[in-house]
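Chemist: Line order of the protein sequences matches chains A and B. Numbering-wise (our numbering), the first sequence opens with residue 1 and increments by one. Numbering-wise (our numbering), the second sequence opens with residue 1001 and increments by one.
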Amino acid sequence: MDRGREIRLRRECSVIKQALGTFTGQGPACAVKKAAMANKQMTEDEVVAQLRSGMTIGIGGWGSRRKPMSLVRAILRSDLTDLTIVSYGGPDVGLLLAAKKVRRLVYGFVSLDTIPLEPHFRAARQSGAVEVTEYDEGMLRWALYAAACRLPFMPSRAGLGSDVLKVNPGLRTVASPYGDEELVAIPAVRLDAALVHLNRADVHGNAQYLGPDPYFDDLFCSAADKAYVSCEQVLDTAELTRTAPVQSLLLQRWMVHGVVEAPGGAHFTSCDPDYGRDEAFQREYVTAAADPQAWAAFYDRYLGVPA
Amino acid sequence: MSVITRAEVCVVACAEVWRGDGEILASPIGLVPSIAARLARATFAPDLLLSDGEAYLTQGTWAIGGTPPVIEGWIPFRAVFDLLYTGRRHVMMGPSQIDRYGNANISAIGDFARPTRALLGVRGAPGNTVNHPTSYWVPRHGHRSFVAAVDMVSGVGYDRAAANPAAGRYHEIRRVVSNLGVFDFGTADHRMRLVSVHPGVTVDEIVAATGFELTVPADVPQTRLPTDAELALIREVIDPASVRAREVEG
Chain A
1 MDRGREIRLR RECSVIKQAL GTFTGQGPAC AVKKAAMANK QMTEDEVVAQ LRSGMTIGIG
61 GWGSRRKPMS LVRAILRSDL TDLTIVSYGG PDVGLLLAAK KVRRLVYGFV SLDTIPLEPH
121 FRAARQSGAV EVTEYDEGML RWALYAAACR LPFMPSRAGL GSDVLKVNPG LRTVASPYGD
181 EELVAIPAVR LDAALVHLNR ADVHGNAQYL GPDPYFDDLF CSAADKAYVS CEQVLDTAEL
241 TRTAPVQSLL LQRWMVHGVV EAPGGAHFTS CDPDYGRDEA FQREYVTAAA DPQAWAAFYD
301 RYLGVPA
Chain B
1001 MSVITRAEVC VVACAEVWRG DGEILASPIG LVPSIAARLA RATFAPDLLL SDGEAYLTQG
1061 TWAIGGTPPV IEGWIPFRAV FDLLYTGRRH VMMGPSQIDR YGNANISAIG DFARPTRALL
1121 GVRGAPGNTV NHPTSYWVPR HGHRSFVAAV DMVSGVGYDR AAANPAAGRY HEIRRVVSNL
1181 GVFDFGTADH RMRLVSVHPG VTVDEIVAAT GFELTVPADV PQTRLPTDAE LALIREVIDP
1241 ASVRAREVEG
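Structural data, given as C-alpha cells:
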C-alpha cells in the first residue's frame, strides 16, 4: 500500500471509530465495516442513454468556455431529438442546432466569444428552424434559480420595457405586495437534465473548477432532476483539496447523478487552466459552417460519424 | 505629438462618459470603450473598478491584449449580475441599432421570429439599462445604426422607461458616442440631442447620417481633443499596436 493511501485509510478509520465512540488510536486496521458510497462514474454514452427525446436539457459553461463538448458529441451520435436546450450558448448550441436536435432554445445569448456570432445559431434563427425563448442573461439565471428553489417564479426588474416581454408573450408581470412596483415574474425553468464540464471530480460527484469562473454550473445542476458532470480527471476525494482551496469544490455530490472522465472534454472551448480555447479549431468550425460540403467533412472528421 | 486621429478623439469622448462616476464598475464592451475606460481610470476617474473582461478586478493600466499588472478582486459572471442589481455599474455597449429615445438593439435585425440577421441575443441589455447608467458606442454612424425604430428593443430607452415606473426607477442613458459626434438625452422629453461634433465633422453631416430627427442646439461645440498626456497613454501604454485604427477610420 502506498504511503498516501495508507494515510487516507488511517484517517477514515479514525473518523469512523471516533463517531462510534470506540476510538483506540491503534493501527490502520479497521474493524468497522462501511457501506460503500455510490460510485457514479459512467461513460458519455451511458449518460446519453439516460436522456430521452423531448427533454429539457441545460448545458453549463458560458459562450465558448468550459462546455461539456464530449457529452454534446454523444448526443449528436444518438437518436435523441426534439430537445429543449437551455444555455448561455456557444458551440454546444451550434452543434445541436446543426444536427437538428433542438425544438426550442432558451438562452440569453449565443456566441463564440472571440468570434461574436455563432454561425449555426444564425442560420437556424434566420431560417426559422428553431423555436426560441430569448431572455436577458440575468433573467435566465433567475429562471434556473426559481427552479432550484422550487419556486414558481422570481421577480425581476430586468426585462421591463424591453421587447423580451413582447417576444415571450407568456411572460407575466407581478405587483409588489410591498409597494407599487410591477415586476416581471420569470417562470422557473426546471431541467430534466443538466450537463456540465469541470476540471476535476471524484466518482461520487464532488466536482471542482480550477479556472477563474464557476459560470452557473452549480445552478444548472441544482435546477435539474439529474445532473451529469464530465471532467478532465477523476481523482480520489482527498486529492481534490490537496493543492486547491476548498472553495474550488463547486458541485456537491447530492447534485450529481453521473461522472464522466473526459480528458479534453471541453475542446474546442476553453477549460482553464488545463487548456485554453483552440482558436484555430474554432475558426475552422466557423469556416466549415458556411458551406454544407465543408461542414459535412468537418462533422465527419470531428465526430467520426457522417453528418 | 503627431496628428490626432478620429479614433483617438472617440476614445477620449468615450472615456468622458465615466467622468464623475466614482467607485463603480466601468464595463466597456468592445475595443474603443475598453481603451477609453482604462484611459479614464488612468487620468480623471481613478476610483473606477475595471475587470479584465474575464473574472478578475484589476488595478493599474495595461495594454489591449496584455495582462493587467495587479489583481484586486474576483468578479465572475454571477458577481457581475449581483453587482449590477445594486446599481454600482456603468456599462458602455455597442448596439447595432439605436433610436431617438435610446432604445438599442443587439439581438436581431428584421422580424424577430425570422430575422434577416440574427445577432447575439439581448445578452444583459434589458437588465443593465433598468438597473444602472448605460452609454453606447457606435463606430459607424448612419441610417442603419441611427434608426427611427429599432427592430428588437434589447436596451430600454427613455420612452419605454417612462411607461413603467419600475423600469424607469434606476434608468439612465448617459451618452452616445459615435464616430461622428457625442449625444445625450438632455431634452424635456429625453429625445437624443447633439452634444458635440468631432473635429472635421459638420452638424449637417450628422443630421444627414441620422435616421430620425435629432435635437440640435443653436451652438454645437467641437468634441474636445485628447491632451498630450492622454495621447501618450493611448499610443504608448494602452493601445501601442493601434488596434483602434481598425475600428474607426480617419
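Each residue gets a CB set at the ideal place from its N, CA and C atoms; glycine is no exception.
(1) Helix, strand or coil for F1112(B)? Go by DSSP, reduced to three states.
(2) Should Y1056(B) be flagged as near chain A, meaning a C-beta pair shorter than 8 Å?
(3) Just the Cα atoms here: how many angstroms apart are R1169(B) and D192(A)?
(4) Can you pull the DSSP bridge partners for S87(A)?
(5) Chain B beta carbons: is any one of them nearer than 8 Å to that of V167(A)?
(6) What number of angstroms, rounded off, separates the C-alpha of V203(A) from the C-alpha of V86(A)?
(7) Starting from T133(A), follow its DSSP beta bridges and name the residues at the other end.
(8) Looking at chain B, which residues of the segment 152-176 of chain A have a Cβ within less than 7 Å of any of its Cβ atoms?
(9) Can you tell me which of the three DSSP states N1131(B) falls into?
(10) With distance defined between alpha-carbon atoms, name the residue in L96(A), Y135(A) and G138(A) nearest to F121(A).
(11) Give me the Cα-Cα distance between W142(A) and R1078(B), rounded to the nearest whole angstrom.
(12) Residues of chain B with a CB under 8 Å from the CB of G54(A): which are they?
(13) How would you list, in chain order, the residues of chain A whose beta-carbon sits under 7 Å from the beta-carbon of F1176(B)?
(14) How is D92(A) classed by DSSP in three states: helix, strand or coil?
(15) Enumerate in chain order the residues of its own chain whose CB-to-CB distance from R1019(B) is below 8 Å, with the five nearest sequence positions on each side excluded.
(16) Using 8 Å as the threshold, is the C-beta distance between E46(A) and A1166(B) below it?
(17) With 16 other CB atoms within 10 Å as the buried threshold, where does A1232(B) fall?
(18) Determine the closest residue to I115(A) out of T269(A), P273(A), L250(A) and W295(A), with distance taken between C-alpha atoms.
(19) Return the CA-CA distance between A1103(B) and P119(A), expressed in angstroms with no decimal places.
(20) With a threshold of 16 other CB atoms inside 10 Å of the CB of Q1222(B), please say whether the residue is buried or exposed.
(21) At which residue ranges does the segment 1014-1047 of chain B contain complete alpha helix (DSSP H) runs of 4 or more residues, listed in the order of the chain?
(22) From this set, H1190(B), G1121(B), V1009(B) and Q1059(B), which residue's C-alpha is nearest Y88(A)'s C-alpha?
(23) Y302(A) to D278(A), Cα distance in whole Å?
(24) Tell me the DSSP secondary structure of S78(A) in three-state form.
(25) Can you tell me where the alpha helix (DSSP H) with Q282(A) in it begins and where it stops?
(26) Counting only Cβ pairs nearer than 7 Å, list the residues of chain A close to F1185(B).
(27) Which residues share a DSSP beta bridge with Q1059(B)?
(28) Using a cut-off of 8 Å between C-beta atoms, extract the partners of T1116(B) located in chain A.
(29) Find out if the Cβ-Cβ distance for the pair H1143(B), L1180(B) is shorter than 8 Å.
(30) Could you tell me which of C231(A), G161(A) and P214(A) sits nearest to D136(A), measuring between CA atoms?
(31) Distance cutoff 8 Å, beta carbons only. Does S1154(B) sit that close to anything in chain A?
(32) Within a Cβ cutoff of 7 Å, which residues of the same chain sit near Q26(A), ignoring the five residues on either side of it in sequence?
(33) How about the segment 253-261 of chain A and the segment 199-218 of chain A: do they share at least three Cβ pairs that are nearer than 8 Å?
(34) In this structure, does DSSP put K226(A) in helix, strand or coil?
(35) Let me know if S1242(B) comes out buried or exposed under the rule of 16 or more other beta-carbons within 10 Å of its beta-carbon.
(36) I need the straight-line Cα distance from V1070(B) to Q1059(B), nearest angstrom please.
Modeler: Well, looking at it:
(1) Secondary structure of F1112(B) (DSSP, three-state): coil.
(2) Any Cβ of chain A closer than 8 Å to the Cβ of Y1056(B) would place that residue at the interface, and such an atom is present.
(3) The straight-line gap from Cα to Cα measures roughly 37 Å.
(4) S87(A) is bridged to I59(A) and Y107(A).
(5) Yes, contact with chain B.
(6) About 26 Å.
(7) Residue pairing by DSSP puts T133(A) in a beta bridge opposite V106(A).
(8) Of all residues in the segment 152-176 of chain A, R157, A158, G159, L160, G161, S162, D163, V164 and V167 have a Cβ within less than 7 Å of some Cβ in chain B.
(9) Here DSSP, grouped into helix, strand and coil, assigns N1131(B) to helix.
(10) When the alpha-carbon of F121(A) is set against those of L96(A), Y135(A) and G138(A), the nearest one is in L96(A).
(11) Using only the alpha carbons, I get a separation of about 11 Å.
(12) None at all; the shortest Cβ gap to chain B is about 23 Å.
(13) The question names Phe, but residue 1176(B) is Val in the sequence shown. None at all; the shortest Cβ gap to chain A is about 18 Å.
(14) DSSP places D92(A) in helix when its eight states are reduced to three.
(15) A1040, F1044 and A1045.
(16) For E46(A) and A1166(B), no; Cβs fall outside 8 Å.
(17) Under this definition A1232(B) is an exposed residue.
(18) The option with the nearest alpha carbon to I115(A) is T269(A).
(19) Going by the sequence as given, residue 1103(B) is Asn instead of Ala. Inter-residue distance for N1103(B) and P119(A) is about 26 Å (C-alpha atoms, whole angstroms).
(20) Burial call: exposed.
(21) Here the runs fully enclosed are 1031-1042.
(22) The candidate whose alpha carbon is nearest that of Y88(A) is G1121(B).
(23) Taking the straight line from one Cα to the other gives about 14 Å.
(24) Annotated three-state conformation of S78(A) is coil, per DSSP.
(25) Counted as a single uninterrupted DSSP element, the alpha helix (DSSP H) harbouring Q282(A) occupies residues E279 to A289.
(26) Against chain A, the beta carbon of F1185(B) has no neighbour under 7 Å; the closest one sits roughly 15 Å away.
(27) Residue pairing for Q1059(B): DSSP places it in a beta bridge opposite V1070(B).
(28) Under the 8 Å cutoff, chain A gives Q126.
(29) No, the Cβ-Cβ distance between H1143(B) and L1180(B) is not below 8 Å.
(30) Residue G161(A) is the option with its Cα nearest to D136(A).
(31) Yes, S1154(B) lies at the interface with chain A (some Cβ there is under 8 Å from its Cβ).
(32) Here the model assigns Q26(A) a pLDDT of 49, short of 50, so the residue's position is not dependable, and the following value carries that caveat. Counting only Cβ-Cβ distances below 7 Å, and skipping sequence neighbours, we find nothing.
(33) Contact between the segment 253-261 of chain A and the segment 199-218 of chain A is present, because at least three Cβ pairs lie under 8 Å.
(34) Here K226(A) sits in strand by DSSP.
(35) Classification of S1242(B): exposed, given that the 10 Å Cβ count is below 16.
(36) A straight-line Cα-Cα distance of about 5 Å links V1070(B) and Q1059(B).
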